[in-house]
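J.:
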Amino acid sequence: MSLSAFYLPGRDWKRECALTGEEARHFQALRIRKDEKILILDGRGNTGVCRVLETGRREIRLEILETKTTPEPASRPIIAIALSKAARRGFFLEKAAELGAWEVWLWQARRSQGHIDEKLRQACEGQLRAGAKQCRNPWFPRLVPAGNAEKLAALAQSCPRRILPWEEKAGEAAISLAQLGNPGNTVYAIGPEGGLAEDEVSALTGAGFELVSLGERVLRCETAATLCLGLHWWASQLKETAR
1 MSLSAFYLPG RDWKRECALT GEEARHFQAL RIRKDEKILI LDGRGNTGVC
51 RVLETGRREI RLEILETKTT PEPASRPIIA IALSKAARRG FFLEKAAELG
101 AWEVWLWQAR RSQGHIDEKL RQACEGQLRA GAKQCRNPWF PRLVPAGNAE
151 KLAALAQSCP RRILPWEEKA GEAAISLAQL GNPGNTVYAI GPEGGLAEDE
201 VSALTGAGFE LVSLGERVLR CETAATLCLG LHWWASQLKE TAR
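Numbering (this note's numbering), first residue to last: 1 to 243.
1. Alpha carbons only, please: which of E198, E193, A242 is nearest the one belonging to A224?
2. So, for E63: in the same chain, excluding its five sequence neighbours on each side, which residues have a beta-carbon less than 7 Å away from its beta-carbon?
3. Let me know the secondary structure DSSP gives A224 once reduced to three states.
4. For S75, count neighbouring C-beta atoms within 10 Å of its own C-beta (all shown protein chains included) and say buried if the count is 16 or more, exposed if not.
5. Report the option in E150, R57, R25 whose CA atom is closest to the CA atom of D199.
6. According to DSSP, is P201 helix, strand or coil?
7. Are there three or more Cβ pairs, one per stretch, closer than 8 Å when the segment 77–87 is compared with the segment 99–109?
8. Compare the beta carbon distance of L83 and I60 with 7 Å and say whether it is the shorter of the two.
9. What number of angstroms, rounded off, separates the C-alpha of K68 from the C-alpha of Q122?
10. Among V187, C135, E216, which one has its Cα closest to the Cα of E167?
11. Which residues in the same chain have their Cβ closer than 6 Å to the Cβ of R162, if we skip the five residues on either side of it in sequence?
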């Protein structure tokens, strides 16, 4: 039986440590008992097996029994997704953590639904943590507010590979295995539900984004983003096996 996983920042890791706040409430909901074992994750590659020392309403005391460090992944996909409806956004963020997104860049397209603020940022980070805990991903995706298309283009300059799936390119320039799953950072820019504006496409292609097609159907932005992550994960596994 797999152990339940909880988030504990690395600065709080000591031989005896504690879960508080939201993580303590999550613990209580699972009805875990004293002396049972759980996992803790710091989101930066470290995993710890812990024994429960004491359970309280506000604090769960733990003893770390063993730790493991998972190296940073060689292939690191970054999804720059335009802000979309909250109902579908949460599902995507959990899938992003499961599929190994290195970072999620939320950007404000002209046709985005809603605006990025501190409350939304915190909610999105919580959904990324939930997805990572569910699949025991030791590297939590980092959330980055990326501004508009021009700011996104500037931010992406540090990434050696930049890919822009665009519905107007259906039937042409299909995304290829050569573009997927490569070592280092690859950023995929996903437009909003209403589509990209021409000047946004110009800003991104002018910054070196390659236009590709994901097929003839027009996909929701969350579907396109999840597909890119799935393809990247598949390709990275193929290329890792071939080495």
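Positions of the beta carbon are idealized from the N, C-alpha and C atoms, including for glycine.
T.: On the basis of the data shown:
1. In the sequence shown, counting from the first residue as 1, residue 224 sits at position 224. For the residues E198, E193, A242, the minimum Cα distance to A224 belongs to E193.
2. Mapped onto the sequence shown, residue 63 falls at position 63. So the qualifying residues of the chain are R15, E16, C50, R51, L53.
3. By one-based count along the sequence shown, residue 224 stands at place 224. The answer is helix: DSSP assigns A224 an H, G or I state.
4. Along the sequence shown, read from residue 1 onward, the residue named residue 75 stands at position 75. Answer is buried; the Cβ neighbour count reaches 16.
5. As a working mapping, residue 199 is identified with position 199 in the sequence shown. When only C-alpha atoms are compared, the closest one is E150.
6. Position 201 of the sequence shown, counted from the start, is the residue given in the question as residue 201. According to the sequence displayed, residue 201 carries Val and not Pro. Looking at V201 - three-state DSSP - the assignment turns out to be helix.
7. yes
8. Here residue 83 refers to the residue found at position 83 when the sequence shown is read from its first residue. Here residue 60 refers to the residue found at position 60 when the sequence shown is read from its first residue. It is not a contact, given that the beta carbons lie outside the stated cut-off.
9. Walking along the sequence shown from the start, residue 68 turns up at place 68. Walking along the sequence shown from the start, residue 122 turns up at place 122. Whole-angstrom Cα-Cα distance: 28 Å.
10. Walking along the sequence shown from the start, residue 167 turns up at place 167. E167 has its Cα closest to that of E216, out of V187, C135, E216.
11. Here residue 162 refers to the residue found at position 162 when the sequence shown is read from its first residue. Hits under 6 Å: A156, V187, G208, F209.
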